[in-house]
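Those letters in the sequence shown? Residues 1 to 266, by my numbering.
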Amino acid sequence: MSSQVSERFEVSLNTSAGQITTAVDVPTGFVPVTSIVPFMRRLGEEAQALEVAWMGEQGRVPSCQKGCAACCRMLVPLSAPEAFSVREWVRSRPVEQQSRIMARFADTKVQLLSKGIWQRLSELCEASDHCSDKDLDGVNRRYYELRLACPFLEEEVCTIYDERPAACRELLVTSPADRCEDLLANPVDTISTPIRISTVLGLLWQDLTNTSTRLIPLPLALDWAEVHAGTTDRMWKGTQLFDQVLDKVWRFLSQSFSDDGKAAGG
Ligand code: SF4
């Protein structure tokens with residue numbers, strides 16, 4: 001989580017794809033909420049690696065390849081801690097790169113405003129009720145029909161790859177890659193996600209701040225993080241963040257298991 005004094009914990013979780021056992025160094029002092037993001041990404045990737053291995057045994061392997069950015073025209077949801085992390089990453093870039101990124105975000109905003117989608121996405125940021133995938137389907141489709149390249153895409157390469165949102169890491173398909181050229185016309189086979197990290201972090205943020213924000217569409221992430229910049233100055237005990245986020249993970253897994261009719265544990 002961070003370089004300050006820390007305590008090592010072992011985490012063991014039963015996911016739908018198998019058991020994850022991993023160690024994490026948790027700061028004993030106060031840290032910003034962004035400090036939990038790298039650990040959560042790692043947890044999500046370890047869970048997904050199990051799922052990929054299990055799918056491989058069934059003869060299904062991901063067709064996603066480096067250099068393919070076909071899915072980078074979809075609407076990507078971020079949690080608030082991820083939005084703050086993305087803002088930090090952008091601010092850490094050389095000035096020229098920052099300008100290019102900001103220009104692409106500004107251009108995307110103009111296009112979304114002109115199509116009347118920006119306002120709907122803004123409302124989603126503050127939605128007090130959980131929006132199901134079905135609820136989001138309409139706005140997702142309208143967004144995807146525009147085929148707007150993600151503002152982080154440069155010459156079809158993700159410039160924020162190592163720090164990209166959890167939702168980008170979680171989308172893997174096993175159907176032929178050319179089907180992803182038109183995701184509205186072609187059905188694709190996805191690999192299921194044992195833990196949706198943005199959902200877990202969104203729930204954590206709601207608990208910590210007693211606010212309704214759960215998911216932020218990527219094109220709005222920098223604006224949202226700028227408006228809420230004051231909250232990034234808030235610090236929480238590392239152990240408190242760790243306990244609370246694991247509680248959300250366990251709840252998420254329990255829900256997934258009960259949805260699947262399987263038993264859960266942790
Ligand atoms: S952040 Fe990167 S991987 Fe995610 S949609 Fe944008 S360009 Fe694609």
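C-beta: ideal position from N, C-alpha, C; glycine also.
First and last residue of the uninterrupted alpha helix (DSSP H) at E270 = For the chain, the structure presents residues 1 to 266; residue 270 sits outside this window and is missing.
request  = Quick one: give me the first and last residue of the alpha helix (DSSP H) that D223 is part of.
outcome  = As a working note, residue 223 is residue 223 in the sequence shown. D223 -> alpha helix (DSSP H) spans 218-227.
key: Nearest residue (CA-CA) to T199, options A80, C180, G67, S122   = Reading the sequence shown from its first residue, position 199 is the one you call residue 199. Residue A80 is the option with its Cα nearest to T199.
message = When you compare the CB positions of C72 and C180, do they come within less than 8 Å of one another, or not?
response = Counting from one through the sequence shown, the residue named residue 72 turns up at place 72. Counting from one through the sequence shown, the residue named residue 180 turns up at place 180. C72 places its beta carbon 8 Å or farther from that of C180.
request  = Report the three-state DSSP secondary structure of P176 (helix, strand or coil).
outcome  = The residue labelled residue 176 in the question sits at position 176 within the sequence shown. Three-state result, P176: coil.
query = What residues in its chain sit with their C-beta under 8 Å from that of R60, if we drop five residues either side in the sequence?
reply = Locating residue 60 in the sequence shown gives position 60, counting from the first residue. If the five residues before and after R60 are omitted, its C-beta is found closer than 8 Å to the C-beta atoms of T174, D189, I191, all from its own chain and listed in chain order.
message = Within 10 Å of its beta-carbon, does G265 have 16 or more other beta-carbons around it, so buried, or fewer, so exposed?
response = On the sequence shown, position 265 is the one that residue 265 refers to. Summary for G265: the model assigns pLDDT 37, below 50, so the residue's position carries little reliability, and this model does not support an answer.
request  = Determine the DSSP secondary structure at D25, reduced to helix, strand or coil.
outcome  = Working through the sequence shown from its first residue, we reach residue 25 at position 25. Reduced to three states, the DSSP call for D25 is strand.
query = In three-state DSSP terms, what is L78?
reply = Locating residue 78 in the sequence shown gives position 78, where the first residue counts as 1. In the three-state reduction of the DSSP assignment, L78 falls in the strand class, which pools E and B.
message = In whole angstroms, give me the CA-to-CA distance for I280 and L113.
response = This structure cannot speak to residue 280, because the chain is shown only from 1 to 266.
query = Does the region 209-219 touch the region 36-56, meaning 3 or more C-beta pairs lie closer than 8 Å?
reply = With the cut-off at 8 Å, the region 36-56 and the region 209-219 do not touch.
Enclosing alpha helix (DSSP H) for L146 [first to last residue] = In the sequence shown, the residue the question calls residue 146 occupies position 146. No alpha helix (DSSP H) holds L146; DSSP gives it neither H nor E.
inquiry  = By DSSP's criteria, W236 is part of a beta bridge. Which residues make up the other side?
reply    = Your numbering for residue 236 matches position 236 in the sequence shown. BP columns for W236 point to V31.
query = Of the choices W205, L13, V31, whose alpha-carbon is the least far from that of E126?
reply = The residue given as residue 126 occupies position 126 in the sequence shown. Of W205, L13, V31, the residue nearest in Cα terms is W205.
query = Are A229 and C68 touching if we call contact CB-CB under 8 Å?
reply = Here residue 229 refers to the residue found at position 229 of the sequence shown. Here residue 68 refers to the residue found at position 68 of the sequence shown. The answer is no: Cβ separation not under 8 Å.
query = Is it true that the CB of T193 sits closer than 8 Å to the CB of E170?
reply = As a position in the sequence shown, residue 170 is number 170, starting the count at 1. As a position in the sequence shown, residue 193 is number 193, starting the count at 1. It is a contact, given that the beta carbons lie within the stated cut-off.
query = In the structure shown, what three-state DSSP assignment does S63 receive?
reply = For the purposes of this step, residue 63 is taken as residue 63 along the sequence shown, with counting starting at 1. Three-state DSSP puts S63 in coil, outside helix and strand.
key: Local Cβ density within 10 Å of K248, reported as buried at 16 or more and exposed below that   = Numbered from its first residue, the sequence shown carries residue 248 at position 248. Buried, since its Cβ has 16 or more Cβ neighbours within 10 Å.
request  = Report whether the distance from the Cβ of V188 to the nearest heavy atom of the ligand SF4 is below 7 Å.
outcome  = Translated into positions along the sequence shown, residue 188 becomes position 188. False, no ligand heavy atom lies under 7 Å from that Cβ.
Where the beta strand (DSSP E) containing S12 begins and where it ends = Locating residue 12 in the sequence shown gives position 12, counting from the first residue. It spans 6-15 - the beta strand (DSSP E) in which S12 sits, taken as one unbroken run.
Segment contact, 8 Å Cβ cut-off, at least three pairs: the region 142-162 with the region 104-111 = A contact exists between the region 142-162 and the region 104-111.
task = Look at the alpha carbon of S16 and the alpha carbon of R196, and state the distance between them as a whole number of angstroms.
result = Within the sequence shown, residue 16 is the residue found at index 16, counting from 1. Within the sequence shown, residue 196 is the residue found at index 196, counting from 1. The alpha-carbon atoms of S16 and R196 are separated by roughly 12 Å.
query = Within the present structure, is the beta-carbon of Y161 separated from the nearest heavy atom of the ligand SF4 by less than 7 Å?
reply = The residue you call residue 161 lines up with position 161 of the sequence shown. Using a cutoff of 7 Å, the CB of Y161 counts as near the ligand SF4, since one of the ligand's heavy atoms is closer than that.
message = Using the Cβ count rule (16 or more neighbours within 10 Å means buried), how would you classify R141?
response = Here residue 141 refers to the residue found at position 141 when the sequence shown is read from its first residue. With fewer than 16 other Cβ atoms inside 10 Å of its own Cβ, R141 counts as exposed.
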